[in-house]
Amino acid sequence: MLLLRKFPLKLLNTPPTLAIPIRLSTAANLNPSPDPFPDEPTSAYYDGLVHAAGRSRDFETLRHLLNKRVSDGCFTTSKTFNFLTNTEGSLSMLDDLSHTLSRLERGFTRKSAYDSLISRLCKLDRIDDSLRLVDAMARGGFGLNSCSFHAILNALTRKKRMDEAWHVMGIMKTLGVSPDLTAYNYFLMTYCYTGDLAMAAQVLRMMEEESMKADTRTYDALVLGACRTGKVEGALVLLRRMDDDGLPMLLSTRNYVIDALLSVGWYDQAMKFVRIYSGKDTWLDTETFGCLANRLIKLNRLNEAMEVLEEMKRMGLVMGDKLKQFYQTNLIKQT
């Protein structure tokens, strides 16, 4: 079924062998009395060694660590390049870092390192530097794909810098990289959050032209857009379609609907909503019922809150400390 038929605009608008000894000896130089290298190192352990090498600007050691960690099954993480900070002195090593990454083992090792460094630069709001790395990946044939742009698009759309984000999409196409569903979802989420449903519909058209199917994040954004524009019934229609597609609902999606129902005083409907979608995931049920109870307490709907907590107790769901205290206190008052 086409995306625009499923999500019509009116719905939203109406209701190697030498590497090991080198690594060990160099790691020892970074710490005068290091712990023995573990038999089963972790990604966090390797991150620590990488940070030490990076801060020391020991790029040869850094290269060996980045190669060896992947062969040990310790892939790069969101913290791998945290030694890089938003200071002139730290950022001055970027060219050397990029050159070091270009000399890593080809394939996943090199690509994942570049993607991780791009992600770090985006956290530092160094978008132009991130795009320089993208250019290096493209020129070197280092596996540039849509995933390499995710951190950039996420950073820009979160800050509502939409013109820049669309410019990056243009760069992708110029480099022969087709935007994937995740890339479009970043735009969709921002437009739905800001209530710009016309642009949200335009993004859906683009997704339709690429024959993309909606995923959990797509629905999450659309439900948010409906709720933030007061189209609660439209949000519920989207949830039914999501159910028909067999897609799991995120906690955030449930919370959007709960907040929307409570904002218009539909307390009974909010309670009915969490009951209807309960029973499939204990963690999700615990968070959803707890969320509803907390919001009802803040709205001074204490009887409804107690009813929700009674149901949590019957279902064997664990209450947080504050909810448990509230429940026990009000239980005493009722006796």
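FYI, in the numbering used here the residues of the sequence shown are 430 to 764.
Don't be surprised by glycine CBs; every beta carbon is placed ideally from N, CA and C.
Since the model is a prediction, treat every value here as computed from it, not as a measurement.
Counting C-beta pairs with one atom in each stretch, the region 668-686 and the region 619-637 have fewer than three that are closer than 8 Å, which means they do not touch.
Rounded to the nearest angstrom, the gap between the Cα atoms of LEU746 and ARG704 is 13 Å. Just measuring C-alpha positions, the residue of VAL563, LEU495, LEU680 sitting nearest CYS576 is VAL563. Taking 8 Å as the cut-off, the beta carbon of LEU513 is found no closer than this to the beta carbon of ARG539. Around the beta carbon of THR586, 16 or more other beta carbons sit within 10 angstroms, so the residue counts as buried. If one requires a minimum length of 4 residues, the alpha helix (DSSP H) runs lying completely within the region 642-702 are 645-657, 661-673, 680-692, in chain order.
The alpha-carbon of LYS552 is positioned some 13 Å away from that of LEU520. Ranked by Cα distance from ASP525, the first of GLY605, ASN496, LYS508, GLU489 is GLU489. Ranked by how close their Cα comes to the Cα of LYS753, the residues GLN763, LYS742, LYS762 have LYS742 in first place. Within the region 473-524, the runs of alpha helix (DSSP H) at least 4 residues long that lie entirely inside it are, in chain order, 488-500, 517-520. Setting aside the 5 residues that flank it on each side, PRO608 is surrounded in the same chain by SER575, MET598, MET601, each with a C-beta closer than 7 Å to its C-beta; the list follows chain order. The criterion of a C-beta distance shorter than 8 Å is satisfied by ASN614 and THR647.
Collapsing the DSSP output to three states places SER541 in a helix.
Around the CB of VAL693, fewer than 16 other CB atoms lie within 10 Å, so the residue is classed as exposed. Taking C-alpha positions only, TYR756 is separated from ASP697 by approximately 19 Å. In terms of CA proximity to MET618, VAL652 leads the group LEU680, LEU713, VAL652. Cβ-Cβ distances below 6 Å link CYS656 to ALA664, TYR685, ALA689 in the same chain, with the five nearest sequence neighbours on each side left out; the list follows chain order.
Only residues of its own chain outside the window of five on either side were considered, and among them ASP714, THR717, PHE718, MET744 have a CB closer than 8 Å to the CB of SER707, listed in chain order. In the structure shown, LYS588 adopts coil according to DSSP, grouped into three states. ASN729 sits in coil when the DSSP states are folded into three classes, being neither helix nor strand. The DSSP-derived three-state label of PHE571 is coil.
It is roughly 32 Å from the alpha-carbon of LEU680 to the alpha-carbon of HIS596. Buried is the label assigned to LEU494, since at least 16 other Cβ atoms lie within 10 Å of its Cβ. Beyond the five residues adjoining it in sequence on each side, VAL737 comes within less than 7 Å, by CB distance, of MET700, PHE718, LEU721, ALA722, LEU725 in the same chain, given in chain order.
In this structure, THR506 lies near SER472, with their beta-carbon atoms less than 8 Å apart.
Pairing LEU478 with PHE510 gives a Cβ-Cβ distance that is not under 8 Å. Annotation: the continuous alpha helix (DSSP H) that includes LYS751 extends over 750-763. Between the alpha carbons of MET748 and GLN631 lies a distance of about 43 Å.
Under the DSSP assignment, THR623 falls in the alpha helix (DSSP H) whose first and last residues are 610-623. The straight-line gap separating the alpha-carbon atoms of ALA567 and GLY605 is approximately 9 Å.
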